[in-house]
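Q:
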Amino acid sequence: MSVRYIVPVALAFAAIAAYQLWESDKSHIAFMQQTAAVSKRVVVMGGTGGVGSQVVRLLIKDPRVSQVTAIVRSAKGVKFWVDDPNANLAKFKEYVVADFDKLDQHEDAFKGHDALISCVGMYTSRVKSEEEFLKVEHDYAKVAATFSRKHGATSFGYLSGQGVQKPKNVGVFTPMFGRVKGRAEEMFETTFPYGISARPGGIFNRPGGDGAAVGGIWGKIIDTGAFNWMAKTDSLGIDSMDLAKSIVQGAVIAPAASASVENDGLKKIARKYDEDLAKALAETKK
Numbered sequence: 003m004s005v006r007y008i009v010p011v012a013l014a015f016a017a018i019a020a021y022q023l024w025e026s027d028k029s030h031i032a033f034m035q036q037t038a039a040v041s042k043r044v045v046v047m048g049g050t051g052g053v054g055s056q057v058v059r060l061l062i063k064d065p066r067v068s069q070v071t072a073i074v075r076s077a078k079g080v081k082f083w084v085d086d087p088n089a090n091l092a093k094f095k096e097y098v099v100a101d102f103d104k105l106d107q108h109e110d111a112f113k114g115h116d117a118l119i120s121c122v123g124m125y126t127s128r129v130k131s132e133e134e135f136l137k138v139e140h141d142y143a144k145v146a147a148t149f150s151r152k153h154g155a156t157s158f159g160y161l162s163g164q165g166v167q168k169p170k171n172v173g174v175f176t177p178m179f180g181r182v183k184g185r186a187e188e189m190f191e192t193t194f195p196y197g198i199s200a201r202p203g204g205i206f207n208r209p210g211g212d213g214a215a216v217g218g219i220w221g222k223i224i225d226t227g228a229f230n231w232m233a234k235t236d237s238l239g240i241d242s243m244d245l246a247k248s249i250v251q252g253a254v255i256a257p258a259a260s261a262s263v264e265n266d267g268l269k270k271i272a273r274k275y276d277e278d279l280a281k282a283l284a285e286t287k288k
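Note that the working numbering has the sequence shown beginning at 3, numbered continuously upward.
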């Protein structure tokens with residue numbers, strides 16, 4: 003072939019290759035945008051508690067979520083969470099694990115999900131030792147996180163708390179609550195590339211009552227409503243549904259790099275959840 007034809011032919015092949023690459027990138031971007039907006043599959047631990055039940059309610063009703071699996075100790079039935087004839091209940095299922103000490107025998111429960119949310123926990127006033135608290139807050143969650151990540155989940159949501167400290171920041175006066183939940187945060191944030199450790203202050207308007215969740219004399223005082231004003235502040239408290247929205251947004255809808263988020267940040271994320279959901283609903287009506 004004459005030299006004078008080589009350059010034009012080479013340029014033509016380069017142009018074709020560039021066009022094909024551009025088309026490939028365009029398709030990839032479209033696919034990523036589509037999967038970011040719909041078809042999220044979520045597995046939830048602790049979905050029957052005051053915050054976890056709100057999380058499950060949101061997920062069942064959210065059109066951007068295609069599958070919700072609740073890991074429970076005993077079957078509740080979907081009406082425990084949602085009694086709405088318009089909700090897509092077909093996407094919900096329960097997976098019963100009667101004994102969480104044997105959670106490692108139920109790897110199948112964590113297959114086929116994009117995100118793991120853990121709201122498993124208990125009040126320190128109800129535990130007998132730090133070992134027991136660690137088992138509930140950290141060890142169960144580690145089994146769930148390991149299996150979920152192994153089978154493709156890339157993001158997490160964890161119900162932590164205000165005053166929690168990562169292990170490297172634990173001091174002499176850090177309480178058990180802060181030490182143990184800090185270990186759980188670190189475990190989640192090193193297992194998953196994306197997700198949120200939610201650190202709320204006081205949690206209000208929980209299903210079943212706030213006082214019942216706390217128990218004891220403090221529970222009775224809380225039930226008087228004397229502390230409800232805290233939920234209206236930036237840093238002291240948050241409504242249970244807003245907390246659930248922030249966890250779902252940070253773990254499922256728009257997960258960012260794994261991080262801990264304090265009470266004021268959770269409220270902002272909850273508002274973003276409302277905005278994004280409104281846009282998604284508007285799109286479905288077009």
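In this text, a Cβ means the ideal position worked out from N, Cα and C, and glycines have one as well.
Bear in mind that the values here come from a model prediction, so they are computed numbers and not experimental data.
(1) Looking only at DSSP bridge pairs, what is ALA259 linked to?
(2) Starting from the C-beta of GLY48, find all residues in its chain whose C-beta is less than 7 Å away, skip the five residues before and the five after it, and write them out in chain order.
(3) Less than 9 Å separating the beta-carbons of LEU118 and GLY159?
(4) Looking only at its chain, what residues have a beta carbon closer than 6 Å to the beta carbon of GLU264, apart from the 5 residues adjacent to it on each side?
(5) How would you label PHE175, buried or exposed, when you count the other beta carbons within 10 angstroms and need 16 or more for buried?
(6) Find the nearest neighbour of HIS115 within the set GLY184, LYS144, SER150 and LYS274, judged by alpha-carbon distance.
(7) Do ILE198 and ILE240 have their C-beta atoms within less than 9 Å of each other?
(8) With 9 Å as the threshold, decide whether the Cβ of PRO195 is near any Cβ in chain B.
(9) Tell me whether the stretch 50–67 and the stretch 240–250 touch, counting them as touching only if at least three CB pairs, one residue from each stretch, are closer than 8 Å.
(10) Could you tell me which of VAL67, THR156 and PHE94 sits nearest to GLY79, measuring between CA atoms?
(11) Got a sec? Which residues, its chain only, sit under 6 Å from LEU161 by beta carbon, not counting five neighbours each side?
(12) On the DSSP bridge list, what partners appear for SER157?
(13) Measuring CA to CA, which of MET189, ASP236 and ASN207 is closest to ILE224?
(14) Between the Cα of THR193 and the Cα atoms of THR226, VAL182, LYS170 and ALA143, which residue gives the shortest distance?
(15) Have a look at GLY267, ARG273, ASP278 and ASP85 and flag the residue whose alpha-carbon is nearest the alpha-carbon of ILE255.
(16) Within the continuous beta strand (DSSP E) that includes TYR97, where are the two ends?
(17) Could you tell me if TRP231 is buried or exposed, where buried requires 16 or more neighbouring beta carbons within 10 angstroms of its beta carbon?
(18) Going straight from the alpha carbon of ALA280 to that of ILE271, what length do you get?
(19) If we ignore side chains and look at the alpha-carbon of each, how far apart do VAL74 and LYS222 end up?
(20) In angstroms, rounded to a whole number, what distance separates the CA positions of SER76 and TRP83?
(21) Put SER41 into one of helix, strand or coil per three-state DSSP.
A: This is what the structure holds:
(1) Residue pairing by DSSP places ALA259 opposite TYR196 in a beta bridge.
(2) GLY54, SER120, CYS121, VAL122 and GLY123
(3) Yes, these two residues count as a Cβ contact at 9 Å.
(4) ARG201
(5) exposed
(6) SER150
(7) no
(8) Included in the structure is just one protein chain, with no chain B present.
(9) yes
(10) PHE94
(11) These residues qualify, in order along the chain: VAL53, CYS121 and ALA200.
(12) ALA117 and TYR196
(13) ASN207
(14) ALA143
(15) ASP278
(16) 94–98
(17) exposed
(18) 14 Å
(19) 28 Å
(20) 14 Å
(21) It is coil, neither helix nor strand.
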